[in-house]
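Report on the structure given below.
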Ligand code: HEM
């Protein structure tokens with residue numbers, strides 16, 4: 003996709019790619035300006051997509067991502083704590099223990115699909131742990147996470163039934179968790195949220211379950227793809243594997259550069275609440291806009307030699323992979339932590355990592371960037 007994006011940036015940086023009126027914005031400054039303007043580039047429109055007539059009422063539709071700015075600010079302030087320094091410290095030991103178990107097992111088996119057997123299992127365990135469900139329930143998380151993502155394509159009664167069924171099942175499990183923490187609070191995020199108040203009121207059951215639910219689509223596939231992308235670059239640049247093994251600063255820089263160059267969520271979605279001008283182009287009110295973070299991250303107006311993989315480069319954290327502004331990714335520190343601890347669990351256990359196929363089999367989607375599978379040999 004990257005040569006095509008470069009051409010759009012240079013020739014037609016704000017354009018309509020299909021006649022249905024979806025706009026595509028590809029330059030760094032333009033994507034950034036839209037992200038900084040949530041009033042005119044609104045996220046509320048997304049809630050409509052999540053609640054078609056056959057799914058109404060959908061308790062998961064109104065979440066943090068789609069809340070209007072004032073309410074969003076209040077909800078977000080409550081939740082930040084769980085994802086800030088204290089929250090990360092609380093999670094770190096769990097992440098490390100899980101990563102070490104997974105790495106030990108993968109290296110013991112030697113030939114593995116690294117996506118299925120590591121990159122996916124680590125974030126799955128972390129989210130399962132955060133939302134407080136029992137370990138035996140982790141295998142269900144993927145089905146629940148996919149349910150909302152497939153709402154717009156669910157055009158048969160069978161598919162619609164499957165989605166309602168998955169969401170209903172998740173709702174029941176989350177109610178159990180909430181009930182359990184109400185009776186016996188723990189040192190965890192769910193207990194914190196149960197105690198929290200907005201404008202003097204406790205959060206409703208709908209607010210709580212929609213937030214816990216949101217963590218699945220937001221944090222599962224995204225982090226799987228980050229860890230998968232990181233593995234691709236380790237195999238492409240074995241010299242970085244050696245350096246990352248020795249040096250924590252290099253591990254951090256390496257992950258940051260992987261985040262820039264292969265953006266797990268290449269597009270952001272917004273709806274214009276009024277007519278807006280970007281450069282020389284006017285987008286009418288009600289336009290659907292795709293903000294291309296993948297393109298912004300390789301914009302030569304912002305990054306020098308953007309096509310080169312250069313850990314530790316200038317402006318290395320200025321990529322837009324986690325968005326910007328009020329919706330800036332809540333899980334950015336967690337995703338970085340999982341990637342770094344994943345490396346720290348894996349690297350001391352292997353001498354080399356050999357890709358079994360020459361070509362990477364990327365997930366086939368405009369909305370996602372990561373390897374679909376990574377058959378590797380882990381050489382101890
Ligand atoms: C928001 C990317 C990991 C939770 C976002 C946004 C992006 C993003 C681009 C902004 C969306 C927008 O502006 O419309 C990523 C990437 C990740 C990642 C690339 C991994 C590499 C996580 C994790 C969690 C998480 C691990 C939590 C477990 C969230 C939440 C929001 C969000 C709750 C909504 C924030 C808000 O609307 O205020 N993420 N994310 N993300 N992310 Fe992440």
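Numbering (the numbering used here), first residue to last: 3 to 382.
Don't be surprised by glycine CBs; every beta carbon is placed ideally from N, CA and C.
Three-state secondary structure (DSSP) of residue i
i: residue 325; result: coil
i: residue 270; result: strand
i: residue 340; result: helix
i: residue 381; result: strand
i: residue 369; result: coil
i: residue 68; result: helix
i: residue 43; result: strand
i: residue 279; result: strand
i: residue 182; result: helix
i: residue 18; result: strand
i: residue 332; result: coil
i: residue 284; result: strand
i: residue 126; result: helix
i: residue 115; result: strand
i: residue 162; result: helix
i: residue 260; result: helix
i: residue 320; result: coil
i: residue 6; result: helix
i: residue 298; result: helix
i: residue 99; result: helix
i: residue 354; result: strand
i: residue 144; result: helix
i: residue 73; result: helix
i: residue 92; result: helix
i: residue 199; result: strand
Anticipated Cβ contact below 8 Å, residue i with residue j, distance rounded
i: residue 149; j: residue 180; result: Residue 149 to residue 180, Cβ: 19 Å. No contact.
i: residue 42; j: residue 276; result: 6 Å
i: residue 299; j: residue 265; result: 6 Å
i: residue 339; j: residue 132; result: With 8 Å as the limit, residue 339 and residue 132 do not qualify as a contact, their Cβ atoms being about 12 Å apart.
i: residue 222; j: residue 125; result: 5 Å
i: residue 147; j: residue 219; result: 5 Å
i: residue 272; j: residue 36; result: 6 Å
Between the CA atoms of residue j and residue i - distance to the nearest angstrom
i: residue 33; j: residue 316; result: 20 Å
i: residue 7; j: residue 144; result: 31 Å
i: residue 141; j: residue 174; result: 16 Å
i: residue 21; j: residue 366; result: 23 Å
i: residue 3; j: residue 226; result: 20 Å
i: residue 288; j: residue 254; result: 40 Å
i: residue 296; j: residue 350; result: 32 Å
i: residue 364; j: residue 269; result: 16 Å
i: residue 138; j: residue 31; result: 46 Å
i: residue 368; j: residue 23; result: 17 Å
i: residue 209; j: residue 60; result: 12 Å
i: residue 158; j: residue 48; result: 21 Å
i: residue 250; j: residue 308; result: 24 Å
i: residue 195; j: residue 87; result: 17 Å
i: residue 85; j: residue 127; result: 16 Å
i: residue 2; j: residue 262; result: Not covered by the structure: residue 2. The range shown for the chain is 3 to 382.
Among the options, nearest to residue i - alpha-carbon criterion
i: residue 356; options: 48, 261, 381, 72; result: 381
i: residue 248; options: 368, 156, 347; result: 347
i: residue 362; options: 116, 352, 199; result: 116
i: residue 154; options: 54, 351, 374; result: 54
i: residue 252; options: 312, 90, 97, 182; result: 312
i: residue 211; options: 178, 199, 201, 203; result: 178
i: residue 172; options: 159, 183, 157, 134; result: 134
i: residue 130; options: 309, 88, 192; result: 192
i: residue 151; options: 370, 107, 262, 376; result: 370
i: residue 260; options: 319, 244, 207; result: 319
i: residue 267; options: 164, 337, 360; result: 337
i: residue 11; options: 24, 23, 29, 5; result: 29
i: residue 373; options: 45, 213, 234, 258; result: 234
i: residue 258; options: 321, 285, 114; result: 321
i: residue 163; options: 205, 56, 215, 352; result: 56
i: residue 246; options: 352, 94, 358, 359; result: 352
i: residue 39; options: 9, 70, 176, 26; result: 70
i: residue 176; options: 214, 375, 97; result: 214
i: residue 375; options: 224, 114, 157, 314; result: 114
i: residue 46; options: 58, 26, 25, 72; result: 72
i: residue 79; options: 262, 92, 26, 200; result: 200
i: residue 25; options: 285, 183, 156; result: 285
i: residue 81; options: 244, 182, 359, 217; result: 217
i: residue 182; options: 136, 110, 77; result: 136
i: residue 83; options: 359, 335, 358; result: 335
Practice item. Tell me, please, whether the region 229-236 touches the region 115-122 by the rule of three or more beta-carbon pairs shorter than 8 Å. Key: Verdict: yes, contact present.
Practice item. Please determine if the region 295-306 and the region 182-195 are in contact, where contact requires at least 3 C-beta pairs separated by less than 8 Å. Key: Put simply, the region 295-306 does not touch the region 182-195. Fewer than three CB pairs are less than 8 Å apart.
Check your understanding: Is the number of C-beta pairs between the region 278-294 and the region 66-81 that are closer than 8 Å three or more?
Key -> The region 278-294 vs the region 66-81: no contact.
Check your understanding: Quick one: any contact between the region 318-338 and the region 235-245, if contact means 3 or more CB pairs under 8 Å?
Key -> With a cut-off of 8 Å, the region 235-245 and the region 318-338 do not count as touching, because too few Cβ pairs lie within range.
Check your understanding: Is it a yes or a no for the region 337-354 touching the region 91-109, going by three-plus beta-carbon pairs under 8 Å?
Key -> Contact between the region 337-354 and the region 91-109 is present: three or more C-beta pairs spanning the two stretches fall below 8 Å.
Practice item. Inspect the CB distances between the region 10-21 and the region 279-288 and report whether three or more fall short of 8 Å. Key: By the Cβ criterion, the region 10-21 is in contact with the region 279-288, since at least three pairs of Cβ atoms, one from each stretch, lie closer than 8 Å.
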